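> Here it is, the structure, as structure tokens.
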Amino acid sequence: MKKNANAPSEEINLAYTVPKLKDFSPAALDKAVEKLLAALDKEPVALTGEDQRKAFRDRWLARKDGILMQVNELWLKAAPKEAKREVGQRVNKLKAEVEAKVEAALAMAPATKGESAIDISLPGIRRPIGAEHPIIRTQNEIIAVFRNLGYSVAEGPVIETDYYNFEALNFPPNHPARDTQDTLFIAGQESKPRREQLLLRTHTSPVQIRTMEKMKPPLRILVPGKVHRNDPPDASHSPMFHQVEGLAVDTKITFGDLKGTLDHAMKALFGSDVKTSFRPSFFPFTEPSAEMFVSCFVCGGSGKRGDGNAPCRPCKQTGWIEILGCGMVDPNVFEFVKHNGYDPEKISGFAFGMGVDRIAMLKYGLDDLQLFFQGDVRFLQQFV
Ligand code: DAH
């Protein structure tokens, strides 16, 4: 039978009042608790509208004279000394139970007047499902910029072979450039040939090779993903972090294409005012190689903040922030995938790689990288 949920509040049976106890024996207490809970179970049936919800809540939970408060006064405080312990335990348990029942009843009851207590046509109770992590959000923003330029997304394994992580990227065995990427090797691989030995990829660059093995030129890909290095965690290092790699291969790709593409991408990411600057660098898999800087979007490139005297921290007062490594794909790299149409005599390309975590820190003005990985909801809720 459908309960009459629209009954005016006078009809709600509020017969229950907290009795004074004479008998404090466990059996008597059980009985009293049972009666109280039975009364509570009956009451919320006709809860409709905000006024009734509040009245119901107050009647049971109000600090001033709510039923739980009366229980405290009439049962616990009135109990003789030798029964206090027993009564206290029961009252505590009862409190938790009453609170849970009241909250549950309120969650079930519609907030607006005139709706039935359970209306299956209403949307369900919304449960918090979290939000995009700031690193993933930043990663997706970067991807969106390049998607608009015709890049597609490629991915590869986090556990990688020495061949893809180093050798095919023109890091020969024992080349000192390997030392710049302090590598976490998987144990027990010594009996395998070096190129098959497994490690945690130190960068997303191996996906350049993996993709060129599968797809013929022309190619424009973006590779987001996790990478690992043997760096102890501190405010700016983490043994696990995220990169986004880019690769464009076609006939007649020039360094001008690289500069134009990356300059556009930085303006899209950080605002149309930012300037970019390229400085010579070295990576085994690009030639020439460069590091790209963007003018500091915090201080506008002046290196100073506020009234003109406070030092700007993100750019260390230089006015420039290093954002990525890039360069023209080294012909030696194409040699490893020549069989799939990548003849360095006929095609050329550029590549770049950036640290997503660092960019997210800059974007959100954070000074401690570890905040991203500690899973503290109070931190994460700021990004909802
Ligand atoms: N893989 C490099 C690193 O992790 C970053 C990088 C530099 C990627 C230059 C590139 C590039 O694609 O062209 O340090």
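My numbering numbers the first residue of the sequence shown as 925 and each following residue consecutively.
All C-beta atoms, glycine included, are put in the ideal place defined by N, C-alpha and C.
As the structure is a prediction and not an experimental result, all values here were calculated from the model.
Name the DSSP bridge partner or partners of D1158?
Against the sequence shown, residue 1158 aligns to sequence position 234. BP columns for D1158 point to H1161.
> Who are M1216's beta bridge partners in DSSP?
Here residue 1216 corresponds to residue number 292 of the sequence shown, with the count starting at 1. DSSP output for M1216 lists F1202 and L1248 as bridge partner(s).
> Under a Cβ-count criterion, where at least 16 other Cβ atoms within 10 Å of its own Cβ denotes burial, should I1059 be classed as buried or exposed?
Residue mapping note: residue 1059 aligns to position 135 of the sequence shown, counting from 1. Result: buried.
> Is E935 helix, strand or coil by DSSP?
To locate residue 935, count along the sequence shown from 1; it is residue 11. Residue placement at E935 cannot be trusted, given a pLDDT of 47 that sits under 50; the coordinates are not used to answer.
> If you follow the beta strand (DSSP E) that V1147 is part of, which residue opens it and which one closes it?
To locate residue 1147, count along the sequence shown from 1; it is residue 223. Unbroken beta strand (DSSP E) run through V1147: L1143 to H1152.
> May I ask you to verify whether the region 1128–1142 touches the region 1231–1243, counting CB pairs closer than 8 Å and requiring at least 3?
no
> To which residues of the same chain is F1297 closer than 7 Å at the C-beta, ignoring the five residues directly before and after it?
Translated into the one-based positions of the sequence shown, residue 1297 becomes position 373. Only S1162 meet the Cβ criterion.
> Closer than 8 Å by C-beta to E934: which residues in its own chain qualify, once you throw out the five before and the five after it? Chain order, please.
The residue labelled residue 934 in the question sits at position 10 within the sequence shown. With a pLDDT of only 43 at E934, under the threshold of 50, the placement of this residue in the model should not be trusted, and no figure is reported.
> K927: buried (16+ other C-beta within 10 angstroms of its C-beta) or exposed?
Start at 1 with the first residue of the sequence shown, and residue 927 comes out as number 3. With a pLDDT of 45 at K927, under the threshold of 50, the modelled position of that residue is not reliable, and the figure given next carries that caveat. Classification of K927: exposed, given that the 10 Å Cβ count is below 16.
> Could you check what DSSP says for E1084 in three-state terms: helix, strand or coil?
Locating residue 1084 in the sequence shown gives position 160, counting from the first residue. Strand.
> Would you kindly report the start and end of the unbroken alpha helix (DSSP H) that includes L1018?
What you label residue 1018 is simply residue 94 of the sequence shown in a count that begins at 1. In the DSSP assignment, L1018 falls within the unbroken alpha helix (DSSP H) covering K1008 to M1032.
> Roughly how many whole angstroms lie between the Cα atoms of I1049 and L1030?
Counting from 1 along the sequence shown, the entry for residue 1049 is found at position 125. Counting from 1 along the sequence shown, the entry for residue 1030 is found at position 106. C-alpha separation (whole angstroms): 12 Å.
> Sort out for me which residues DSSP pairs K1228 with in a bridge.
On the sequence shown, position 304 is the one that residue 1228 refers to. P1235.
> Ligand 1 and S1309: does any heavy atom of the ligand fall closer than 7 Å to the residue's C-beta?
Look at the range of the chain in this structure, 925 to 1308, and you will see that residue 1309 is not part of it.
> Over what stretch of residues does the alpha helix (DSSP H) that includes G1112 continue unbroken?
Taking the first residue of the sequence shown as position 1, residue 1112 is located at position 188. Neither: G1112 is in no alpha helix (DSSP H) and is coded neither H nor E.
> Taking the CB atoms as reference points, tell me whether V1147 and T1128 lie closer together than 8 Å.
By one-based count along the sequence shown, residue 1147 stands at place 223. By one-based count along the sequence shown, residue 1128 stands at place 204. Yes, the Cβ-Cβ distance between V1147 and T1128 is below 8 Å.
> Evaluate Q1013 with the Cβ neighbour count: other Cβ atoms within 10 Å of its Cβ, from every protein chain shown; 16 or more gives buried, anything less gives exposed.
Locating residue 1013 in the sequence shown gives position 89, counting from the first residue. Exposed.
> Give a yes or no on contact between the region 1053–1069 and the region 1151–1161, applying the rule of three or more CB pairs nearer than 8 Å.
no
> Go to F1209, then tell me how far its alpha helix (DSSP H) extends in each direction, as first and last residue.
Residue mapping note: residue 1209 aligns to position 285 of the sequence shown, counting from 1. It is not in any alpha helix (DSSP H) - F1209 carries neither H nor E in the DSSP assignment.
> Could you tell me whether any non-hydrogen atom of ligand 1 is closer than 7 Å to the CB of A1275?
Translated into positions along the sequence shown, residue 1275 becomes position 351. Yes, the Cβ of A1275 comes within 7 Å of a heavy atom of ligand 1.
> Is A962 helix, strand or coil by DSSP?
For the purposes of this step, residue 962 is taken as residue 38 along the sequence shown, with counting starting at 1. Three-state result, A962: helix.
> Using the beta-carbon count (16 or more within 10 Å), is M925 buried or exposed?
The count along the sequence shown starts at 1 and reaches residue 925 at position 1. With a pLDDT of 43 at M925, under the threshold of 50, the modelled position of that residue is not reliable, and no figure is offered here.
> Rounded to a whole number of angstroms, what is the C-alpha to C-alpha distance between F1109 and D1231?
Stepping through the sequence shown from its first residue, residue 1109 is reached at position 185. Stepping through the sequence shown from its first residue, residue 1231 is reached at position 307. Distance between the alpha carbons of F1109 and D1231: 50 Å.
> Given that a residue counts as buried once 16 or more other Cβ atoms are within 10 Å of its Cβ, and exposed if not, what is M1032?
Locating residue 1032 in the sequence shown gives position 108, where the first residue counts as 1. M1032 is exposed by the Cβ-count criterion.
> In the DSSP output, which residue or residues are listed as bridge partners for G1273?
Indexing the sequence shown from 1 puts residue 1273 at position 349. For G1273, which the question treats as bridged, DSSP gives the partners V1173.
> State the DSSP-derived secondary structure class of G1279, mapped to helix, strand or coil.
Walking along the sequence shown from the start, residue 1279 turns up at place 355. In the structure shown, G1279 sits in a strand (DSSP, three-state: E or B).
> Do you know how far the Cα of G1227 is from the Cα of V1022?
Indexing the sequence shown from 1 puts residue 1022 at position 98. Indexing the sequence shown from 1 puts residue 1227 at position 303. Inter-residue distance for V1022 and G1227 is about 60 Å (C-alpha atoms, whole angstroms).
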